[in-house]
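S.K.: Starting off with a structure, shown below.
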Amino acid sequence: MPMPTEERLSQLIAGLVERRGFDLEGVDISTTGKHADAQARLKVIVDSDGPSDLDTIAALSTELSELLDEAGDFGETPYLLEVTTPGVDRPLTADRHWRRARGRKVRVHLREGAQAPEPDGSAKFEARVGELSGDTVALVLGGKHKPHRVRIPVADIAEAVVQVEFAKPGARELELAGGVVPGRPVPGQEDDVPAVDAADVRGSTPLQPESVPASDSPTEGIVE
């Protein structure tokens with residue numbers, strides 16, 4: 001049986017994800033093996049304004065597993081469902097991404113023709129994300145030693161990617177950014193929510209989940 005498309009699965013699960021207070025950030029399907037030995041892996045990436053702890057993600061994973069089993073899009077092909085939050089180094093492509101990235105360091109690439117925020121400045125630079133207001137975003141330049149805030153139109157930004165940090169930002173730098181969004185990790189002290197896997201066991205040797213222990217009496221088709 002052909003694998004369902006990512007578009008089809010996105011449409012199938014989007015309503016449930018939204019009702020549980022999350023935004024659906026992406027769906028990815030990959031397969032291993034051929035024919036009778038084929039197995040599928042479905043990765044669902046979600047995010048929210050509030051903190052996403054392991055229990056919340058695990059509960060969503062269980063509900064998504066039940067929904068997928070009822071839909072039957074995978075037929076007899078065993079699959080592993082992985083529900084996770086975006087990685088730290090993800091690009092900012094929507095207003096909600098900018099709001100949630102407040103306090104984070106980003107690598108900014110301005111669109112061609114856009115004015116750099118500083119005289120003789122480069123179109124590519126690093127800054128710390130501040131408040132998003134209307135169609136502009138505050139950025140803190142100068143790092144720990146000479147932090148200062150500027151505002152630029154979001155439309156002038158061709159690409160912005162959050163950077164992984166291994167040291168805490170300066171206190172003044174973070175203050176100018178408006179602090180980190182409540183419930184989000186402090187830069188330099190990342191502790192991302194681990195992915196939660198739910199294994200489907202139809203027609204094959206069970207795929208053991210990595211983060212959720214198997215129960216003594218699993219529901220049909222799902223190891224929880």
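Reminder that position 37 of the sequence shown reads as 37 in UniProt numbering, one-by-one numbering, no gaps.
Note that CB positions come from ideal geometry on N, CA and C, so glycine has one too.
1. For residue 109, I'd like the list of residues in its chain whose CB is within less than 8 Å of its CB, leaving aside the five on either flank, ordered along the chain.
2. Taking just the CA atoms, how far does residue 56 sit from residue 89?
3. For residue 15, name the three-state secondary structure that DSSP assigns.
4. Of the residues 6, 70 and 44, which one's Cα is nearest the Cα of residue 18?
5. Would you mind reading off the limits of the alpha helix (DSSP H) that contains residue 95?
6. Please state if the CB of residue 99 and the CB of residue 47 are separated by a distance shorter than 8 Å.
7. Which residues mark the beginning and the end of the beta strand (DSSP E) in which residue 229 is found?
8. Taking the continuous beta strand (DSSP E) assigned at residue 131, which residues delimit it?
9. Assess, as a yes-or-no matter, whether the segment 141 to 150 is touched by the segment 72 to 89 under the definition of 3 or more beta carbon pairs within less than 8 Å.
10. Which one of 115, 178 and 14 has the shortest CA to CA distance from residue 64?
11. Going by DSSP, which residues form a beta bridge with residue 149?
12. I'd like the list of long-range same chain contacts for residue 21, defined as Cβ closer than 8 Å, with 5 residues on each side in sequence excluded.
13. If residue 81 sits next to residue 68, beta carbons under 8 Å apart, how far is it from one beta carbon to the other, in whole angstroms?
14. In angstroms, rounded to a whole number, what distance separates the CA positions of residue 85 and residue 4?
15. Between which two residues does the beta strand (DSSP E) harbouring residue 92 extend?
16. Which stretch, first to last residue, makes up the beta strand (DSSP E) that contains residue 107?
M.R.: The structure says:
1. 123, 124, 157, 158, 159 and 160
2. 22 Å
3. helix
4. 44
5. 95 to 100
6. no
7. Since the first and last residues shown for the chain are 1 and 224, residue 229 lies out of range.
8. 124 to 133
9. no
10. 14
11. 140
12. 48 and 50
13. 7 Å
14. 22 Å
15. First-last for residue 92: undefined, no H or E at that position.
16. 105 to 110
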